Amino acid sequence: MKLYNPPSPLETKVISKRFGVENSWRLDTYLATGGFEAFKKTMEMSPDQIIDEVKASSLRGRGGAGFPTGLKWSFVPKNVEGPTYIVVNGDESEPGTCKDRLLIEHDPYQMIEGILIAARAVGASKGWVYIRGEYRYLIDHLDSVLKEAYQRGYLGKNIAGTGFDFDLYSQTGAGAYECGEESALLESLEGKRGVPRIRPPFPAVSGAFQRPTVLNNVETFSSVPEIIKNGGKWYADLGTPKNGGTRMVCLAGHVNKPGVYEVPLGMNMMYFINEIGGGMWKGKKMKATIPGGSSCPILRADECDIPMDYDSMAKAGTMLGSGGMMVMDEDTDMVKIALRIMRFYKHESCGWCIPCREGTTWLQKMLARIVDGNGAMRDVDMVGDLAKSMLGRTFCPLGDAAAMPTISIVEKFRPEFEAYVARNPFANSELVQVG
Amino acid sequence: MTFSPELEARFADLLTHYPPGRQRGALVPMLMYAQDEVGAVTPELMAELAKRLDVSVLQVDEVVGYYSMLHKKPQGKTHVQICTNVACMLRGGAELYDHACKKLGIGHKQTQASGVFSLEEVECIGACSWAPAIQLNYTFHHEVTTDKLDQLLEGLQ
Ligand SMILES: Cc1cc2nc3c(=O)[nH]c(=O)nc-3n(C[C@H](O)[C@H](O)[C@H](O)COP(=O)(O)O)c2cc1C
Ligand code: SF4
Ligand code: FES
Chain Y
240 MKLYNPPSPL ETKVISKRFG VENSWRLDTY LATGGFEAFK KTMEMSPDQI
290 IDEVKASSLR GRGGAGFPTG LKWSFVPKNV EGPTYIVVNG DESEPGTCKD
340 RLLIEHDPYQ MIEGILIAAR AVGASKGWVY IRGEYRYLID HLDSVLKEAY
390 QRGYLGKNIA GTGFDFDLYS QTGAGAYECG EESALLESLE GKRGVPRIRP
440 PFPAVSGAFQ RPTVLNNVET FSSVPEIIKN GGKWYADLGT PKNGGTRMVC
490 LAGHVNKPGV YEVPLGMNMM YFINEIGGGM WKGKKMKATI PGGSSCPILR
540 ADECDIPMDY DSMAKAGTML GSGGMMVMDE DTDMVKIALR IMRFYKHESC
590 GWCIPCREGT TWLQKMLARI VDGNGAMRDV DMVGDLAKSM LGRTFCPLGD
640 AAAMPTISIV EKFRPEFEAY VARNPFANSE LVQVG
Chain D
-12 MTFSPELEAR FADLLTHYPP GRQRGALVPM LMYAQDEVGA VTPELMAELA
38 KRLDVSVLQV DEVVGYYSML HKKPQGKTHV QICTNVACML RGGAELYDHA
88 CKKLGIGHKQ TQASGVFSLE EVECIGACSW APAIQLNYTF HHEVTTDKLD
138 QLLEGLQ
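Chains as they are written, first to last, in my numbering: chain Y, 240 to 674; chain D, -12 to 144.
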């Protein structure tokens, strides 16, 4: 399988070490390079020992929210009657994110082994890998891998002679960002519209088909085998305190070497952009960067000299999110960026709750009005205020995801909005503008 | 309604994936795979899947209306999808989309009268580090320039 961008010698390759190896996705390659050693090791471990090892690694979810993975697994009730399930989130729809597809393309058995270890830890018997519908090539690829895994006894009954049984299937989405939200994903898996569920109960207690469910991102599961093989402490030490290990960062935008790179948590962001990403293109200066997918508050260039880990990002008022980093040069029109981001959320709002459905609709209208030269001065305030009034008032986090980047762009790049408005001769008119 | 033996086999396999009594889980995959074979989600297809999964046609219809990849009208032989979301926009995605509109003589979600091409401006398709990205049917093309797009489309006339 070909690589879409050359690797960098400055990467720390833990979960991407098989990328580019000939036939990296085949079982024999995986077995020849240490594959399934971790799973076999868990046969000697109790479920609690497995969970403790994952806790010790300080692995945090790679899908967006960064919730501690071991802790999440520990919420699954023990000794319940009936099945427990695993769901893998491969919806990968957060704008800026393109890493989960690589993990499934190049090293699907690593993810499968991670799933099997999670299944041992929580006593699950069945699982689904939910992949966005646009990735049909990837679903077909995974289907052929699953077929090989069944034929060779690495899925199904008595896996690798251990006496452990587990079934795993692919499940296609059909075009809906919201189905990446865990509870909407579970609705989709049940053959319904992707409208989120009220929580609690959380999926750990009532998830897929109302059964206890562990739901994690593709990259999260893919990180588990190396943790078990080398120990939680080893993994934790790769990163910074409470931010263990490495993660795949998807670098995009105005840099010389955009690409997906694996780096330890806590690497300095400017170092990453300049040394791994080859610096800004065309000799330009950086204006801003969205660090972890379009739902994250934006950082001005002078705010980017920080470690890339969950806690440092939170301190800077933003998030590591899904690892989708988009870098913008000095010529970038931030008002147009704000509008493009809002167009996306308006399109993807499922429409279930009013603050999000109406909020994204009106924010898009107001931003479009400003870009079209019809904006009034008070529109600039209204965009910021309306976005703020959505925060924490929506049924699922998509509302916040739409509001947060908008608030930060208006706050940090207000003169650009005002410059647009100043072109409108009626900018200070008291006349009410509708639509 | 009859499907190809391959699709029937896929349906039969899908139904084994879900807990007993929860076969409705197969609805979204069945719609996607059947749409590829039939060319669109037709009223007959909805009725057939409703019958097979023991749900009402209305329940199928509301699912179809939710997902952006499910479409009730046929698309062109090649469905051209151009991403203009932020990462692609930063590297010329919007210009690429405008170019495609002119070249194909159609706009968003329109199909040429000849039925050869249809066009859609799409949200992020998960190829942001190799932007601008497009899909021709299910096939990805990365780092697409207007010249490269012309070449790709001319090869498919
Ligand atoms: C609107 C929305 C979209 C999301 N999209 C994704 C996605 O595409 N992939 C993903 O793994 N998580 C996504 N998430 C996060 C999931 O809800 C969930 O937190 C995550 O899959 C849990 O796995 P993790 O703990 O391994 O990160 C999304 C959340 C929201 C609110
Ligand atoms: S916040 Fe938006 S996406 Fe979430 S439930 Fe409300 S309308 Fe739907
Ligand atoms: S923004 Fe175009 S593929 Fe992600």
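Where a beta carbon is used, it is the ideal one built from N, C-alpha and C, also for glycine. Here the structure is a predicted model, which is why all the values come from computation and not from measurement.
- In this structure, D/Cys75 has its beta carbon at no less than 7 Å from each heavy atom of ligand 2.
- Proximity to D/His128 across D/Leu91, D/Gly80 and D/Ser105 peaks at D/Gly80, based on C-alpha coordinates.
- Counting every other CB atom within 10 Å of its CB across the protein chains shown gives Y/Phe405 a total of 16 or more, marking it as buried.
- About 7 Å separates the beta carbon of D/Val28 from that of D/His58, a gap short enough to meet the 8 Å contact definition.
- Taking the Cα positions, Y/Ile646 is about 45 Å away from D/Val25.
- In the structure shown, Y/Ser561 falls within a coil segment according to DSSP collapsed to helix, strand and coil.
- The three-state reading of DSSP puts Y/Tyr474 in helix, counting H, G and I together.
- The count of Cβ pairs closer than 8 Å, one atom from the region 293 to 312 of chain Y and one from the region 383 to 398 of chain Y, stays below three, leaving the stretches out of contact.
- Setting aside the 5 residues that flank it on each side, Y/Lys651 is surrounded in the same chain by Ile537 and Arg539, each with a C-beta closer than 7 Å to its C-beta; the list follows chain order.
- Beta-bridge partners assigned by DSSP to Y/Gly329: Y/Ile370.
- Within the same chain, Cβ atoms closer than 8 Å to the Cβ of Y/Pro322 are found at Ala363, Ser364, Lys365 and Arg450, the five residues on either side in sequence being excluded.
- Y/Cys535 is outside the set of residues whose beta carbon lies under 8 Å from a beta carbon in chain D.
- Between Y/Cys418 and Y/Gly433, the C-beta spacing is below 8 Å.
- When the five nearest sequence neighbours on each side are left out, the beta carbons in the same chain lying within less than 6 Å of the beta carbon of Y/Met565 are those of Gly335, Ala491, Gly492 and Ile529, in order along the chain.
- The way I'd put it, the region 545 to 555 of chain Y doesn't touch the region 349 to 360 of chain Y; fewer than three beta-carbon pairs between them come closer than 8 Å.
- Scanning the region 333 to 366 of chain Y from its first residue to its last, the whole alpha helix (DSSP H) runs of 4-plus residues come out as 339 to 345 and 347 to 361.
- D/Met76 has a beta carbon lying within less than 8 Å of a beta carbon in chain Y.
- Beta-bridge analysis with DSSP links D/His128 to D/Ile121.
- Of the candidates Y/Pro316, Y/Val463, Y/Arg617 and Y/Asp541, Y/Val463 places its Cα closest to the Cα of Y/Ser255.
- Within its own chain, the residues whose Cβ lies closer than 7 Å to the Cβ of Y/Arg582, once the five positions on either side in sequence are excluded, are Gln603, listed in chain order.
- The region 63 to 73 of chain D makes contact with the region 114 to 124 of chain D; the number of CB pairs closer than 8 Å reaches 3 or more.
- A distance below 6 Å between beta-carbons, with the five flanking residues on each side excluded, links Y/Glu569 to the following residues of its chain, in chain order: Lys523, Lys524 and Lys526.
- Each residue's CA atom was taken as its position, placing D/Thr3 and Y/Tyr393 some 19 Å apart.
- Pairing D/Cys111 with Y/Glu283, the inter-Cα distance amounts to about 43 Å.
- Judged by their CB atoms, Y/Lys575 and Y/Val619 are not nearer to each other than the 8 Å cut-off.
- Residues of the region 367 to 381 of chain Y whose Cβ lies closer than 8 Å to any Cβ of chain D, in chain order: Trp367, Arg371, Gly372, Glu373, Tyr374, Arg375 and Tyr376.
- The beta-bridge partner set that DSSP reports for Y/Phe405 consists of Y/Gly395.
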